[in-house]
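Visitor: Those protein sequence lines, which keep their order, are chains Z and Y. Mapping the first sequence onto numbering that gives the first Met the number 0, position 249 (from 1) lands on 248, and the numbers just tick up by one. Mapping the second sequence onto numbering that gives the first Met the number 0, position 361 (from 1) lands on 360, and the numbers just tick up by one. Cβ coordinates follow ideal geometry from the N, Cα and C atoms, glycine included. Model, not experiment: these values are computed from the prediction. One structure, as structure tokens, below. Some questions next.
2 protein chains.
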Amino acid sequence: MDSRELLKNKEEYIGKEVTLKGWIRNHRKQKDFGFIEFSDGMAFQHIQIVYENKLKDFEEIQKLHNGCAIEVTGKVVRSEGKQDFEINADEIRLLGDCPEDYPMQPKKHSREFLREQAYLRPRTNLFQAVFRIRSVASFAIHDYFQKNGYLYVHTPLITTADCEGSDQMFKVTTLDLNNLPKGENGKVDMSKDLFGALSYITGSGQLHGETFALAFNKIYTFGPTFRTENSNTKTHANEFWMIEPEMAFCDLNELMDIEEDMLKYIVKYVLDHCGAEIDFCNAFVEEGLRERLEKLVNSSFTRVTHKEVIDILKQAKEKWEFEPSYEGDIAKEHEKYITDYFGGPVFITNWPKDIKAWYMKTNSDNKTVAAVDLQVPGAGELMGGSQREDDYDVLISRAKEMGVDTEAIDWYMNLRRFGGCVHAGFGMGFERLIMYLTGIENIRDVIPYPRTPGNCDY
Amino acid sequence: MDSRELLKNKEEYIGKEVTLKGWIRNHRKQKDFGFIEFSDGMAFQHIQIVYENKLKDFEEIQKLHNGCAIEVTGKVVRSEGKQDFEINADEIRLLGDCPEDYPMQPKKHSREFLREQAYLRPRTNLFQAVFRIRSVASFAIHDYFQKNGYLYVHTPLITTADCEGSDQMFKVTTLDLNNLPKGENGKVDMSKDLFGALSYITGSGQLHGETFALAFNKIYTFGPTFRTENSNTKTHANEFWMIEPEMAFCDLNELMDIEEDMLKYIVKYVLDHCGAEIDFCNAFVEEGLRERLEKLVNSSFTRVTHKEVIDILKQAKEKWEFEPSYEGDIAKEHEKYITDYFGGPVFITNWPKDIKAWYMKTNSDNKTVAAVDLQVPGAGELMGGSQREDDYDVLISRAKEMGVDTEAIDWYMNLRRFGGCVHAGFGMGFERLIMYLTGIENIRDVIPYPRTPGNCDY
Numbered sequence: 000m001d002s003r004e005l006l007k008n009k010e011e012y013i014g015k016e017v018t019l020k021g022w023i024r025n026h027r028k029q030k031d032f033g034f035i036e037f038s039d040g041m042a043f044q045h046i047q048i049v050y051e052n053k054l055k056d057f058e059e060i061q062k063l064h065n066g067c068a069i070e071v072t073g074k075v076v077r078s079e080g081k082q083d084f085e086i087n088a089d090e091i092r093l094l095g096d097c098p099e100d101y102p103m104q105p106k107k108h109s110r111e112f113l114r115e116q117a118y119l120r121p122r123t124n125l126f127q128a129v130f131r132i133r134s135v136a137s138f139a140i141h142d143y144f145q146k147n148g149y150l151y152v153h154t155p156l157i158t159t160a161d162c163e164g165s166d167q168m169f170k171v172t173t174l175d176l177n178n179l180p181k182g183e184n185g186k187v188d189m190s191k192d193l194f195g196a197l198s199y200i201t202g203s204g205q206l207h208g209e210t211f212a213l214a215f216n217k218i219y220t221f222g223p224t225f226r227t228e229n230s231n232t233k234t235h236a237n238e239f240w241m242i243e244p245e246m247a248f249c250d251l252n253e254l255m256d257i258e259e260d261m262l263k264y265i266v267k268y269v270l271d272h273c274g275a276e277i278d279f280c281n282a283f284v285e286e287g288l289r290e291r292l293e294k295l296v297n298s299s300f301t302r303v304t305h306k307e308v309i310d311i312l313k314q315a316k317e318k319w320e321f322e323p324s325y326e327g328d329i330a331k332e333h334e335k336y337i338t339d340y341f342g343g344p345v346f347i348t349n350w351p352k353d354i355k356a357w358y359m360k361t362n363s364d365n366k367t368v369a370a371v372d373l374q375v376p377g378a379g380e381l382m383g384g385s386q387r388e389d390d391y392d393v394l395i396s397r398a399k400e401m402g403v404d405t406e407a408i409d410w411y412m413n414l415r416r417f418g419g420c421v422h423a424g425f426g427m428g429f430e431r432l433i434m435y436l437t438g439i440e441n442i443r444d445v446i447p448y449p450r451t452p453g454n455c456d457y
Numbered sequence: 000m001d002s003r004e005l006l007k008n009k010e011e012y013i014g015k016e017v018t019l020k021g022w023i024r025n026h027r028k029q030k031d032f033g034f035i036e037f038s039d040g041m042a043f044q045h046i047q048i049v050y051e052n053k054l055k056d057f058e059e060i061q062k063l064h065n066g067c068a069i070e071v072t073g074k075v076v077r078s079e080g081k082q083d084f085e086i087n088a089d090e091i092r093l094l095g096d097c098p099e100d101y102p103m104q105p106k107k108h109s110r111e112f113l114r115e116q117a118y119l120r121p122r123t124n125l126f127q128a129v130f131r132i133r134s135v136a137s138f139a140i141h142d143y144f145q146k147n148g149y150l151y152v153h154t155p156l157i158t159t160a161d162c163e164g165s166d167q168m169f170k171v172t173t174l175d176l177n178n179l180p181k182g183e184n185g186k187v188d189m190s191k192d193l194f195g196a197l198s199y200i201t202g203s204g205q206l207h208g209e210t211f212a213l214a215f216n217k218i219y220t221f222g223p224t225f226r227t228e229n230s231n232t233k234t235h236a237n238e239f240w241m242i243e244p245e246m247a248f249c250d251l252n253e254l255m256d257i258e259e260d261m262l263k264y265i266v267k268y269v270l271d272h273c274g275a276e277i278d279f280c281n282a283f284v285e286e287g288l289r290e291r292l293e294k295l296v297n298s299s300f301t302r303v304t305h306k307e308v309i310d311i312l313k314q315a316k317e318k319w320e321f322e323p324s325y326e327g328d329i330a331k332e333h334e335k336y337i338t339d340y341f342g343g344p345v346f347i348t349n350w351p352k353d354i355k356a357w358y359m360k361t362n363s364d365n366k367t368v369a370a371v372d373l374q375v376p377g378a379g380e381l382m383g384g385s386q387r388e389d390d391y392d393v394l395i396s397r398a399k400e401m402g403v404d405t406e407a408i409d410w411y412m413n414l415r416r417f418g419g420c421v422h423a424g425f426g427m428g429f430e431r432l433i434m435y436l437t438g439i440e441n442i443r444d445v446i447p448y449p450r451t452p453g454n455c456d457y
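Pasting the structure below:
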């Protein structure tokens, strides 16, 4: 028996005796009775426990601290308070004590303080909501892709291949850093490492994902990724989770269809399964959150080209910090203007090729690539994708232009020779999605144990 | 339109025209017609395409190689062959060519050869079966835990905490190995690293998982884990995926209930959703596979203590290579004997504490711990778990005995002070599960891109 079951079928339990095990989240004591706000962690909602002085252990119970683990046996009764029901305790047994200096007292703690108590903050209402939404959104993603016939593929984390550039990647080694073997040239002899070569933990599963798309048609990855960026902002972490779907026989328009369909599915799933958590975030994190999410599910996403966006920005009467440019990227201020302008999510397509990655499909104008970024109100860029270059010669020449070691990833290039086809894929940063779903503005507050420059605590 | 939809609703499509995009897996040519074994990767089953010389491109079509990407339009008709239906082509269009030296010819390739062609082997029948089972089993795991109210938690991959011992962990660094900063003591100055300290990629999410179990009650992890073991066997890889559930208010018996229930759910789910793949593995990988899996779903797992197992082994008339011992581990030969003896899966409980981990609950005999390994016929140890020591003083003293730096993980220890309770968890190696589900004996053949000593190709 747990609170999830009790809340789900509460009408059936009225008048019945139940036993629950969990923790005291708040304890209000009166002379002849007391109230315990009880959570067993199985539901966001707390259960109210009422006990009276007729219990033989009444005095012992009154001494129970916030944070104690207890077992409660009692009758479920309709409540006169704001709860639907409460439990009228017949017995309350202490399972695990908690001292008075327990850091998680029932008062408002700052987010900064809670980050320092990363192992205890999951016990607070905010993080009960955030991490439950994180779990449910993860499942929604798997559910969406599996229902639609995608293969979930575990691309390797340790790799010698580099997709986004190895200067952004952590090195991995089994060597003793204080006693590195040296080769004849005085450099470290990486052949002595476990893999016999310098290896990294990956910043993307895309290249490997494409090899599976060319066999299984529609695939997705969902796993941790790593970047060494030494950037202490609210939106950067060095370890984060990413979803990277890749689809064979898929062009840029079909890619946008999939991105839109997937995002609406996830948001709707979270609204349907985390109603209480969303209401909490709506009340205490971002006013209007629920409305924003509900609106997204029923909206139609705008599709414009990069050129059209620049036209709009140039015609705007705003004073820009960064001048909009047909050859350039789009700044944060522009992103916000564009989503406001269209009043909802916007796909921006056909970007100048020089500011995008080498594996993206060059358009017939030879100036732009078939790339697409999705901008959403309030969260900026949520997904980035493209058609992949499917012409072997063009791909090789673009890769060389960008300084990619094409021989090291000849297998990737060969996908274009062995039954290649029009194909496309995108990446979605999972933490950015969770920030979008909760209204939380700091990435450190949507990751169980965030890793940022200077911080690998716990 | 794809083959998955066509196969699912084939009766509806008989007599209708469809268009499919995919690859030629085999091409048999006759004078006046031809047969193409076609796969678009969306289903394990191939689709048979028949074309006749009435097509205007007949001669061009006959030249199409194995491996080519094509688009086929034609009518779905009942087949006289072993298929239920086939497609009578009206048009076959080449989308992406494939040269005659394409390595994946329609003949039997050795597993060793296919490992070298890791990026092409997903196109073979065997790996279409294995990786589809891997994907479906992944989903079954999420489905099981989410249905039962568990929280999915992403424990960190990069960590400074060590659970299984840092000598087994890969070091992670942003420093230039050829130009390491040195401190005054001549040692590498790790404060210059991105995190300001020596960090690792983790071998287990358990310690972090427990912090979430003490807040959310029932949690699970499912992510990549890493061990530096320099061991070139069929069952070891340096990167693998692991599932680590942790449950508050759960003792050893309840832990076994969960393990048994979960395993049966996964096996049944795979049998229900991968019938064709299991049949293929049954025919070409392990005879009797299907029967073995079906038997598991309907069996009741045996529960015996380590002492009882040693009694049985000592009474056996076998000549053991390793003498069974009440203080020792159980060798492979013993595992096999025991699962044969009981004719099915066996939980072995209450192990000698000296051969088990420091965080396991010491039993009242002070000699054994409340640990449990699950042995399954054919795959050996599939899961290992335990009650976790919930007594703060005992935990600290056990950790110190085993040389654990208790101050570095004081947060883990503190879980026993702040509302601690009886709790338990287990780990299941995901690759071992896939080997069990497919009959595949080499771990390299159930991982998309396996990492083993000396091998980090692709």
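Applying a beta-carbon distance threshold of less than 9 angstroms, which residues of chain Z neighbour G75(Y)?
Guide: Counting from one through the second sequence, the residue named residue 75(Y) turns up at place 76. Note on residue identity: the sequence assigns Val, not Gly, to residue 75(Y). Those within 9 angstroms of V75(Y) in chain Z number zero; the least Cβ separation is about 19 angstroms.
Visitor: Could you please tell me which residues of the segment 170-202 of chain Z, in chain order, have their CB closer than 7 angstroms to any CB of chain Y?
Guide: Of all residues in the segment 170-202 of chain Z, K170, V171, T172, T173, L176, N177, L179, K186, V187, L193, F194, G195, A196, S198, I200 have a Cβ within less than 7 angstroms of some Cβ in chain Y.
Visitor: Would you check if the distance between the CB atom of P452(Z) and the CB atom of N231(Z) is smaller than 8 angstroms?
Guide: Numbered from 1 along the first sequence, position 453 holds the residue referred to as residue 452(Z). Numbered from 1 along the first sequence, position 232 holds the residue referred to as residue 231(Z). Yes, they are a contact pair.
Visitor: Taking only beta-carbon positions, decide if Y118(Z) is within less than 8 angstroms of chain Y.
Guide: For the purposes of this step, residue 118(Z) is taken as residue 119 along the first sequence, with counting starting at 1. Cβ-Cβ to chain Y under 8 angstroms: yes for Y118(Z).
Visitor: Would you mind listing the alpha helix (DSSP H) stretches within the segment 206-286 of chain Z that are 4+ residues and don't spill past its ends, in chain order?
Guide: For secondary structure counted as the alpha helix (DSSP H) over 4 or more consecutive residues, the segment 206-286 of chain Z holds these complete runs in sequence order: 251-272, 274-283.
Visitor: Please confirm whether H305(Y) and I347(Y) have their CB atoms less than 8 angstroms apart.
Guide: On the second sequence, position 306 is the one that residue 305(Y) refers to. On the second sequence, position 348 is the one that residue 347(Y) refers to. Contact flag set, yes.
Visitor: If we define contact as Cβ-Cβ less than 8 angstroms, is L94(Z) a contact residue for chain Y?
Guide: The count along the first sequence starts at 1 and reaches residue 94(Z) at position 95. With 8 angstroms as the cut-off, L94(Z) counts as an interface residue toward chain Y.
Visitor: In its own chain, which residues sit with a C-beta less than 7 angstroms from the C-beta of Y149(Z), not counting the 5 before and 5 after it?
Guide: Here residue 149(Z) refers to the residue found at position 150 of the first sequence. Counting only Cβ-Cβ distances below 7 angstroms, and skipping sequence neighbours, we find K217, I218, Y219, P244.
Visitor: Give the straight-line distance between the Cα atoms of L125(Z) and I132(Z), rounded to the nearest whole angstrom.
Guide: Residue 125(Z) sits at position 126 when you count from the first residue of the first sequence. Residue 132(Z) sits at position 133 when you count from the first residue of the first sequence. Taking the straight line joining both Cα atoms gives about 11 angstroms.
Visitor: Please state whether DSSP places D458(Y) in a helix, a strand or coil.
Guide: In the structure displayed, chain Y extends from 0 to 457; residue 458(Y) sits before or after that span and is not available.
Visitor: So, does the segment 87-100 of chain Z touch the segment 63-74 of chain Z, judging by three or more C-beta pairs under 8 angstroms?
Guide: yes
Visitor: For chain Z, is any of its Cβ atoms less than 8 angstroms away from the one on I347(Y)?
Guide: Position 348 of the second sequence, counting from 1, holds the residue named residue 347(Y). No, I347(Y) does not count as interfacial toward chain Z.
Visitor: May I ask you to list the residues that DSSP assigns as paired with K28(Y)?
Guide: Counting from one through the second sequence, the residue named residue 28(Y) turns up at place 29. According to DSSP, K28(Y) bridges with G33(Y).
Visitor: Locate the alpha helix (DSSP H) running through K9(Z), then write down its first and last residues.
Guide: The residue labelled residue 9(Z) in the question sits at position 10 within the first sequence. Unbroken alpha helix (DSSP H) run through K9(Z): 9-12.
Visitor: Quick one: any contact between the segment 242-258 of chain Z and the segment 103-112 of chain Z, if contact means 3 or more CB pairs under 8 angstroms?
Guide: no
Visitor: What is the residue span of the beta strand (DSSP E) that N87(Y) lies within?
Guide: To locate residue 87(Y), count along the second sequence from 1; it is residue 88. Note, N87(Y): beta strand (DSSP E), 84-95.
Visitor: Anything in chain Y within Cβ reach of R450(Z), meaning under 8 angstroms, just list it in chain order.
Guide: Stepping through the first sequence from its first residue, residue 450(Z) is reached at position 451. Residues of chain Y passing the Cβ test: P155, I157, F194.
Visitor: Determine the extent of the alpha helix (DSSP H) in which E111(Y) is found, giving its start and end residues.
Guide: As a working note, residue 111(Y) is residue 112 in the second sequence. First-last of the alpha helix (DSSP H) with E111(Y): 110-115.
Visitor: Rounded to whole angstroms, what's the CA-CA distance from Y12(Z) to E228(Y)? Just pull it up for me.
Guide: Taking the first residue of the first sequence as position 1, residue 12(Z) is located at position 13. Taking the first residue of the second sequence as position 1, residue 228(Y) is located at position 229. Their Cα atoms are separated by approximately 53 angstroms.
Visitor: Determine the DSSP secondary structure at R458(Z), reduced to helix, strand or coil.
Guide: Since the first residue of chain Z shown is 0 and the last is 457, residue 458(Z) is not available in this structure.
Visitor: Counting only Cβ pairs nearer than 8 angstroms, list the residues of chain Y close to N8(Z).
Guide: What you label residue 8(Z) is simply residue 9 of the first sequence in a count that begins at 1. Those within 8 angstroms of N8(Z) in chain Y number zero; the least Cβ separation is about 13 angstroms.
Visitor: When you compare the segment 382-390 of chain Z with the segment 414-432 of chain Z, are there three or more beta-carbon pairs, one atom per stretch, that lie closer than 8 angstroms?
Guide: yes
Visitor: Give the residues of chain Y in contact with Q145(Z), contact being defined as C-beta atoms less than 7 angstroms apart.
Guide: Within the first sequence, the letter at position 146 stands for residue 145(Z). In chain order: F138.
Visitor: State the beta-bridge partners of E380(Z) as determined by DSSP.
Guide: In the first sequence, counting from the first residue as 1, residue 380(Z) sits at position 381. Partner(s): Q374(Z).
Visitor: Check whether the Cβ of F417(Z) lies closer than 8 angstroms to any Cβ atom in chain Y.
Guide: Mapped onto the first sequence, residue 417(Z) falls at position 418. Interface residue, yes.
Visitor: Name the two residues that bound the continuous alpha helix (DSSP H) containing V308(Y).
Guide: For the purposes of this step, residue 308(Y) is identified with residue 309 of the second sequence, where counting begins at 1. It spans 305-314 - the alpha helix (DSSP H) in which V308(Y) sits, taken as one unbroken run.
Visitor: Once DSSP output is grouped into helix, strand and coil, what is the label at E290(Y)?
Guide: Sequence index remark: in the second sequence, residue 290(Y) carries index 291 (1-based). Three-state DSSP puts E290(Y) in a helix.
Visitor: With DSSP as the reference, identify every bridge partner of F410(Z), one or two as the case may be.
Guide: Here residue 410(Z) corresponds to residue number 411 of the first sequence, with the count starting at 1. Contrary to the premise, residue 410(Z) reads as Trp rather than Phe in this sequence. Answer is none; W410(Z) lacks a bridge partner.
Visitor: Relative to the C-alpha of E51(Z), which candidate in S299(Z), D31(Z), M41(Z) has its C-alpha closest?
Guide: Stepping through the first sequence from its first residue, residue 51(Z) is reached at position 52. Nearest neighbour of E51(Z) by Cα position, chosen from S299(Z), D31(Z), M41(Z), turns out to be D31(Z).
Visitor: Exposed or buried, what is S2(Y) when buried is set at 16 or more other beta-carbons lying within 10 Å of its beta-carbon?
Guide: Your numbering for residue 2(Y) matches position 3 in the second sequence. Classification for S2(Y): buried.
Visitor: Select from A212(Z), M241(Z), T201(Z) the residue whose C-alpha is nearest the C-alpha of R415(Z).
Guide: To locate residue 415(Z), count along the first sequence from 1; it is residue 416. The option with the nearest alpha carbon to R415(Z) is A212(Z).
Visitor: Which of helix, strand or coil does DSSP assign to K15(Z)?
Guide: The count along the first sequence starts at 1 and reaches residue 15(Z) at position 16. Correct three-state label for K15(Z): coil.
Visitor: Just verifying my parser: in three-state terms, what is the DSSP assignment at M41(Y)?
Guide: Taking the first residue of the second sequence as position 1, residue 41(Y) is located at position 42. It is coil, neither helix nor strand.
Visitor: For the beta strand (DSSP E) that Q47(Z) lies in, which residues bound it at each end?
Guide: Here residue 47(Z) is taken as the residue at index 48 of the first sequence, counted from 1. Where Q47(Z) is concerned, the enclosing beta strand (DSSP E) stretches over 46-51.
Visitor: Going by C-alpha distance, which of K335(Y), H26(Y), T158(Y), G287(Y) is nearest A196(Y)?
Guide: Taking the second sequence and counting its residues from 1, the one referred to as residue 196(Y) is at position 197. Residue T158(Y) holds the alpha-carbon nearest to the alpha-carbon of A196(Y) among K335(Y), H26(Y), T158(Y), G287(Y).
Visitor: When burial is assigned at 16 or more other CB atoms within 10 Å of the CB, is D192(Y) buried or exposed?
Guide: Position 193 of the second sequence, counting from 1, holds the residue named residue 192(Y). When all chains shown are included, D192(Y) counts as buried.
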